[in-house]
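Protein chains in written order, with the working numbering: chain A, 1 to 331; chain B, 1 to 406.
We put the CB at the ideal spot given by N, CA and C, even for glycine.
Note that this is a predicted model, so its numbers are computed, not measured.
Below is one structure, written out as structure tokens; the observations come after it.
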Amino acid sequence: MTELKLYQVGTFAAGNRLLDRTERTEQSDAWRTNSITSGHRACRGCGEALAARVVLDAAMHATEGRMVTVNATGCLEVFSTPYPESAWRVPWLHSLFGNAAAVASGVAATLRAQGRDDVRVVAQAGDGGTVDIGIGCLSGMFERNDDVFFICYDNQGYMNTGVQRSGATPAAANTSTTRPVGSRVGNAFGTGKSLPVIAMAHGIPYVATATVADLHDLERKVTTAMQMHGSRYLHVLVPCPVGWGTDSADTVRVARLAAESGFYPVFEAHDGEVTDVRRIRRQVPVEEYLRLQTRFAHLFGDPGHPDVVERLQGQADRSIAHFGLLEGEAR
Amino acid sequence: MLRQVEGSRAIAETVARCRPDVVAAYPISPQTHIVEGLSDLVAEGRVGGCQFMMVESEFGAMSACIGASAAGGRTYTATSSQGVLFMAEALPNASGLRLPVVMTLANRALGAPINIWNDHSDAMSQRDAGWLQLFASSNQEAVDLHVQAFLIAERLHVPVMVCVDGFVLTHAMEAIDVPEQEQVDALLPPFRPLHMLDPDDPVTIGAMVGPEAFTEVKYLEARRQLRALDVVQEVADRFYDVVGRASGGLTAPYRVEDADVVLVGLGSLLGTAADVVDELRDEGLAAGALGVTCFRPWPTDEIRAALGGASRVVVLNRAISVGAGSVLGAEVRLSMAGTPVIVHDVVAGLGGRPVTRDLVRRLLTDAAEGELSDHELTFADLDEGLAARQLSAELEAELEHEETSR
Numbered sequence: 001m002t003e004l005k006l007y008q009v010g011t012f013a014a015g016n017r018l019l020d021r022t023e024r025t026e027q028s029d030a031w032r033t034n035s036i037t038s039g040h041r042a043c044r045g046c047g048e049a050l051a052a053r054v055v056l057d058a059a060m061h062a063t064e065g066r067m068v069t070v071n072a073t074g075c076l077e078v079f080s081t082p083y084p085e086s087a088w089r090v091p092w093l094h095s096l097f098g099n100a101a102a103v104a105s106g107v108a109a110t111l112r113a114q115g116r117d118d119v120r121v122v123a124q125a126g127d128g129g130t131v132d133i134g135i136g137c138l139s140g141m142f143e144r145n146d147d148v149f150f151i152c153y154d155n156q157g158y159m160n161t162g163v164q165r166s167g168a169t170p171a172a173a174n175t176s177t178t179r180p181v182g183s184r185v186g187n188a189f190g191t192g193k194s195l196p197v198i199a200m201a202h203g204i205p206y207v208a209t210a211t212v213a214d215l216h217d218l219e220r221k222v223t224t225a226m227q228m229h230g231s232r233y234l235h236v237l238v239p240c241p242v243g244w245g246t247d248s249a250d251t252v253r254v255a256r257l258a259a260e261s262g263f264y265p266v267f268e269a270h271d272g273e274v275t276d277v278r279r280i281r282r283q284v285p286v287e288e289y290l291r292l293q294t295r296f297a298h299l300f301g302d303p304g305h306p307d308v309v310e311r312l313q314g315q316a317d318r319s320i321a322h323f324g325l326l327e328g329e330a331r
Numbered sequence: 001m002l003r004q005v006e007g008s009r010a011i012a013e014t015v016a017r018c019r020p021d022v023v024a025a026y027p028i029s030p031q032t033h034i035v036e037g038l039s040d041l042v043a044e045g046r047v048g049g050c051q052f053m054m055v056e057s058e059f060g061a062m063s064a065c066i067g068a069s070a071a072g073g074r075t076y077t078a079t080s081s082q083g084v085l086f087m088a089e090a091l092p093n094a095s096g097l098r099l100p101v102v103m104t105l106a107n108r109a110l111g112a113p114i115n116i117w118n119d120h121s122d123a124m125s126q127r128d129a130g131w132l133q134l135f136a137s138s139n140q141e142a143v144d145l146h147v148q149a150f151l152i153a154e155r156l157h158v159p160v161m162v163c164v165d166g167f168v169l170t171h172a173m174e175a176i177d178v179p180e181q182e183q184v185d186a187l188l189p190p191f192r193p194l195h196m197l198d199p200d201d202p203v204t205i206g207a208m209v210g211p212e213a214f215t216e217v218k219y220l221e222a223r224r225q226l227r228a229l230d231v232v233q234e235v236a237d238r239f240y241d242v243v244g245r246a247s248g249g250l251t252a253p254y255r256v257e258d259a260d261v262v263l264v265g266l267g268s269l270l271g272t273a274a275d276v277v278d279e280l281r282d283e284g285l286a287a288g289a290l291g292v293t294c295f296r297p298w299p300t301d302e303i304r305a306a307l308g309g310a311s312r313v314v315v316l317n318r319a320i321s322v323g324a325g326s327v328l329g330a331e332v333r334l335s336m337a338g339t340p341v342i343v344h345d346v347v348a349g350l351g352g353r354p355v356t357r358d359l360v361r362r363l364l365t366d367a368a369e370g371e372l373s374d375h376e377l378t379f380a381d382l383d384e385g386l387a388a389r390q391l392s393a394e395l396e397a398e399l400e401h402e403e404t405s406r
């Protein structure tokens, strides 16, 4: 008989109760500090708000509350701090769009200079502030191996300014700067920009990817990162109902399909080498992931663009092969 | 103790004695010798626990300073020219967040064409960034102003830029007295931040402010800058009490009391101007010179008082506000509004062209004889023949293009 494997499938799913208490993540966990507390102005179903809460609570837990944060400009900053309100219960600094990594490095430098070594530094940014305008400062932080844990909440576009494409937007996606008009079929097929792989190329101690579909995995990775020193990088896929055109109740589901289709590889790397991958339990065609999102609706109209869907499936297949994402397959 | 030393090295030693927690920088001529000096001093363990960061850009350098200062550290950087432009986005951020970063600006021209030599275009480009801007007239004053800058910055929680002429001062070897450690310690108490990132007292720094409060935030910032007019002078007085040397303050008047013609300028050209003033006085012309040490905030009252008795004022700028005139000229004109004083706006010394005694003498005597324009910008050291030939060639090409495209 096959051994029974249990997975947490969502915060409130009934099946979660079959899991051991230590194997699941719950919103009501008593140790939570609610580092970003309720009442902020995120949209309904915001993946970034969910991820930020889980990430920061786990980081606070791991550091026993000895933590300060730096935030890039973006949705997270805007929806959490409309003066005179603030949703932050942790020390929080916002400077600019492209400089979160450098600001965090500066914070870490002062803490070191003053011997306040017990205080840890966490920096947060969206994909724009990470892979585009912030990549220079981030690469510098990696190269110097500054003692900062940097989290990218990747919703694959400039959602705060009205859903323009970013360097993290997938090919064929319909954004306000890649409308499928004329002969254009959404965002161009470039070569892509995998910041986790770029981070690994710097040889920093820890790089991981995660999604909001598996909060326990996300939490574990944050805990791992906070037990280490030097530059650490976590890239979290956070679906955006507004920008992706998904139902706000589908945020976790869409994130799960991104991983289960192989379109978004979930893995962990130490010192530049992949050390673990989150295997796909039941591979789903990319189409199943795409069809839930109106940003890809033009691919499925009449006549649609089956060739483009096929190209996207090819991307997922290559990612599955590269990271060895299928159960039972060696990497 | 007076010592033969390069200006940059003396600045580095002075900054080290101010006990910074973090120095973050990116190299650019002619700032490099300052941060090279600090790198050595930190590595030698002569700056306590100071962290020296050589980062990936000037934008990164100012950003690291912002983080370091917000974490409660005394913070310093140095840059020049293109470097200060590259950090331009972060400059009003530092002032807006009330972080007392101190920065040396080794003044240099802005490209294109690329030019690494001295003028004041870089400083003028950032005059509205919410930073105090102090100009050093000599290397001794440059050194002294750095100590004063930390004092002023941390008292008002406003960042301060110390402008030092690139190469002319930064690379000049001369006798300089670097204030002793005991003197600096007597002047500069430990940094007490206005607000800081602290797990024991979590605060939100850098929230988004909308139309309902933004004006008030900016008004308060403006009032603080004006308050700095008092503090800059108080700090200069206190410096004099402890070190025994007059430097800093708002303006540096030289024989202006009974002067008929006064030259106004920034930075190291004041030394040249003072020499010429002495010569002209010997020859019977009542000349004077006024250095503006504190350019931001602008000391309107002191300028009016110093220049009010003159009949003509020559404002000599090492920067140009293309299409208008000069920034310094406009400031002086505004300050003298309603007085009979005639203000001549002059540009010279761009991109490292030396401001010579002959030039200053010619400007003052021309002004005295009424031969300088009182409304148009004068280019005092221009190769007029070359410029005229190029202008006529360009005009010809433009007309030809118009003709053929009709």
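Task: Classification of residue 214(B) by the beta-carbon crowding that lies within 10 angstroms, buried from 16 upward - done: Along the second sequence, one-based indexing puts residue 214(B) at 214. So residue 214(B) ends up on the exposed side.
TODO: Check the C-beta distance from residue 14(B) over to residue 178(B) and give it rounded, since I have them as a contact under 8 angstroms.
DONE: Working through the second sequence from its first residue, we reach residue 14(B) at position 14. Working through the second sequence from its first residue, we reach residue 178(B) at position 178. Rounded, the Cβ-Cβ distance is 5 angstroms, consistent with contact.
TODO: Starting from the C-beta of residue 294(A), find all residues in its chain whose C-beta is less than 8 angstroms away, skip the five residues before and the five after it, and write them out in chain order.
DONE: As a working mapping, residue 294(A) is identified with position 294 in the first sequence. Result list for residue 294(A): 174, 244, 245 and 246, in chain order.
TODO: Provide the residue span of the alpha helix (DSSP H) that contains residue 334(A), from first to last.
DONE: An answer regarding residue 334(A) cannot be provided, because it is not within the stretch 1 to 331 covered by chain A.
TODO: Using a cut-off of 8 angstroms between C-beta atoms, extract the partners of residue 21(B) located in chain A.
DONE: Here residue 21(B) refers to the residue found at position 21 of the second sequence. Those are 109, 110, 113 and 114, listed as they occur along chain A.
- [ ] Taking only beta carbons into account, state which residues of the stretch 48-60 of chain B come closer than 8 angstroms to chain A, listed in chain order.
- [x] 48, 49, 50, 51, 53, 55, 56, 57, 59 and 60
- [ ] Assign residue 296(B) to one of two classes, buried (16 or more other C-beta atoms within 10 Å of its C-beta) or exposed (fewer than that).
- [x] Here residue 296(B) corresponds to residue number 296 of the second sequence, with the count starting at 1. With 16 or more Cβ atoms within 10 Å of its Cβ, residue 296(B) is classed as buried.
Task: Same chain, Cβ closer than 7 angstroms to residue 194(B), neighbours up to 5 away in sequence not counted - done: As a first step, residue 194(B) must be located in the second sequence, where it is residue number 194. So the qualifying residues of the chain are 98 and 157.
- [ ] Could you name the residues of chain A that residue 66(B) contacts, counting a contact when the two beta carbons are closer than 7 angstroms?
- [x] Walking along the second sequence from the start, residue 66(B) turns up at place 66. Here the neighbours are 95, 103 and 106.
- [ ] Select from the stretch 129-145 of chain A all residues with a C-beta closer than 9 angstroms to any C-beta belonging to chain C, and list them in chain order.
- [x] Within the model displayed, chain C is absent; protein chains A and B are what it includes.
- [ ] Could you pull the start and end residues of the beta strand (DSSP E) that residue 253(B) belongs to?
- [x] Along the second sequence, read from residue 1 onward, the residue named residue 253(B) stands at position 253. From DSSP, the beta strand (DSSP E) with residue 253(B) extends over 251-254.
Open item on the list: Which residue wins for smallest C-alpha separation from residue 88(A), given the options 71(A), 307(A) and 102(A)?
Closed with: Locating residue 88(A) in the first sequence gives position 88, counting from the first residue. Of the candidates 71(A), 307(A) and 102(A), the one whose C-alpha sits nearest the C-alpha of residue 88(A) is 71(A).
Task: Residues of its chain near residue 58(A), where Cβ-Cβ distance is below 7 angstroms and the 5 sequence neighbours each way are ignored - done: Here residue 58(A) refers to the residue found at position 58 when the first sequence is read from its first residue. Here the set comprises 219, 222 and 223.
Open item on the list: Suppose you measure from the CA of residue 325(A) to the CA of residue 21(A); what does that come to, to the nearest Å?
Closed with: Sequence index remark: in the first sequence, residue 325(A) carries index 325 (1-based). Sequence index remark: in the first sequence, residue 21(A) carries index 21 (1-based). When rounded, the separation of the alpha-carbon atoms in residue 325(A) and residue 21(A) is 27 angstroms.
Task: residue 80(B) and residue 136(A) closer than 8 angstroms at C-beta - done: Against the second sequence, residue 80(B) aligns to sequence position 80. Against the first sequence, residue 136(A) aligns to sequence position 136. Cβ distance not < 8 angstroms, so residue 80(B) and residue 136(A) don't count as in contact.
Task: Where the alpha helix (DSSP H) through residue 219(B) begins and ends - done: On the second sequence, position 219 is the one that residue 219(B) refers to. Element bounds for residue 219(B): 214-243.
Task: Pair within 8 angstroms by beta-carbon distance, residue 326(B) and residue 315(B) - done: Counting from one through the second sequence, the residue named residue 326(B) turns up at place 326. Counting from one through the second sequence, the residue named residue 315(B) turns up at place 315. Against a cut-off of 8 angstroms, the Cβ pair of residue 315(B) and residue 326(B) comes out as a contact.
TODO: Pull up the distance between the alpha-carbon of residue 361(B) and that of residue 151(B), whole angstroms please.
DONE: Residue mapping note: residue 361(B) aligns to position 361 of the second sequence, counting from 1. Residue mapping note: residue 151(B) aligns to position 151 of the second sequence, counting from 1. Those two C-alpha atoms are separated by around 37 angstroms.
Task: Reduced DSSP category for residue 67(B) - H, G, I as helix; E, B as strand; rest coil - done: Taking the second sequence and counting its residues from 1, one reaches residue 67(B) at position 67. Correct three-state label for residue 67(B): helix.
Open item on the list: Quick check: is the beta carbon of residue 88(A) nearer than 8 angstroms to any beta carbon in chain B?
Closed with: The residue you call residue 88(A) lines up with position 88 of the first sequence. So yes, residue 88(A) belongs to the interface.
Task: Neighbour-count burial assignment, residue 4(B), 16 or more Cβ in a 10 Å radius - done: Sequence index remark: in the second sequence, residue 4(B) carries index 4 (1-based). It is exposed - the Cβ of residue 4(B) has fewer than 16 other Cβ atoms within 10 Å.
Task: Contact the stretch 47-67 of chain A vs the stretch 49-67 of chain B: 3+ CB pairs below 8 angstroms - done: no
Task: Cβ-Cβ distance between residue 251(B) and residue 331(B) below 8 angstroms - done: Here residue 251(B) is taken as the residue at index 251 of the second sequence, counted from 1. Here residue 331(B) is taken as the residue at index 331 of the second sequence, counted from 1. Not a contact, by the Cβ cut-off of 8 angstroms.
TODO: Check the Cβ of residue 81(A) against every Cβ in chain B and list those closer than 8 angstroms, keeping chain order.
DONE: Locating residue 81(A) in the first sequence gives position 81, counting from the first residue. Near residue 81(A) (Cβ distances below 8 angstroms), the residues of chain B are 204, 206, 207 and 208.
Open item on the list: Among 146(A), 111(A) and 159(A), whose alpha-carbon lies nearest the alpha-carbon of residue 125(A)?
Closed with: Stepping through the first sequence from its first residue, residue 125(A) is reached at position 125. Nearest of 146(A), 111(A) and 159(A) to residue 125(A), Cα basis: 159(A).
- [ ] Kindly confirm or deny that the stretch 69-83 of chain B and the stretch 25-42 of chain B touch, where touching means at least three C-beta pairs closer than 8 angstroms.
- [x] The stretch 69-83 of chain B, when compared against the stretch 25-42 of chain B, does touch it at the 8 angstroms Cβ threshold.
Task: CB of residue 168(B) within 8 angstroms of CB of residue 142(B), strictly - done: Here residue 168(B) refers to the residue found at position 168 when the second sequence is read from its first residue. Here residue 142(B) refers to the residue found at position 142 when the second sequence is read from its first residue. Result no, Cβ atoms of residue 168(B) and residue 142(B) do not sit closer than 8 angstroms.
TODO: Could you work out which residues of chain B lie near residue 34(A), taking near to mean beta carbons separated by less than 7 angstroms?
DONE: To locate residue 34(A), count along the first sequence from 1; it is residue 34. In chain order: nothing, as chain B lies at least about 12 angstroms away.
Task: Exposure label - residue 375(B); buried when at least 16 CB within 10 Å - done: For the purposes of this step, residue 375(B) is taken as the residue at position 375 of the second sequence. So residue 375(B) ends up on the exposed side.
Open item on the list: Please state whether the Cβ-Cβ distance between residue 157(A) and residue 148(A) is less than 8 angstroms.
Closed with: Sequence index remark: in the first sequence, residue 157(A) carries index 157 (1-based). Sequence index remark: in the first sequence, residue 148(A) carries index 148 (1-based). Result no, Cβ atoms of residue 157(A) and residue 148(A) do not sit closer than 8 angstroms.
- [ ] Return the CA-CA distance between residue 89(B) and residue 59(B), expressed in angstroms with no decimal places.
- [x] Taking the first residue of the second sequence as position 1, residue 89(B) is located at position 89. Taking the first residue of the second sequence as position 1, residue 59(B) is located at position 59. The straight-line gap from Cα to Cα measures roughly 8 angstroms.
Open item on the list: I need the DSSP call for residue 114(B), collapsed to helix, strand or coil.
Closed with: As a working mapping, residue 114(B) is identified with position 114 in the second sequence. Three-state result, residue 114(B): coil.
Open item on the list: Determine, for residue 31(A), whether the minimum Cβ-Cβ distance to residues of chain B falls below 8 angstroms.
Closed with: Within the first sequence, residue 31(A) is the residue found at index 31, counting from 1. By this cut-off, residue 31(A) is not an interface position.
Task: Short Cβ contact (8 angstroms threshold) for residue 287(A) with residue 276(A) - done: In the first sequence, counting from the first residue as 1, residue 287(A) sits at position 287. In the first sequence, counting from the first residue as 1, residue 276(A) sits at position 276. No.
Open item on the list: Looking at the strands, I want to know which residues DSSP matches up with residue 88(A).
Closed with: The count along the first sequence starts at 1 and reaches residue 88(A) at position 88. Note: residue 88(A) sits in a beta bridge opposite 36(A).
Open item on the list: One question on the structure: do residue 293(B) and residue 244(B) come within less than 8 angstroms of each other, judged by their Cβ atoms?
Closed with: As a working mapping, residue 293(B) is identified with position 293 in the second sequence. As a working mapping, residue 244(B) is identified with position 244 in the second sequence. Their beta carbons are not under 8 angstroms apart, which means residue 293(B) does not touch residue 244(B) by this criterion.
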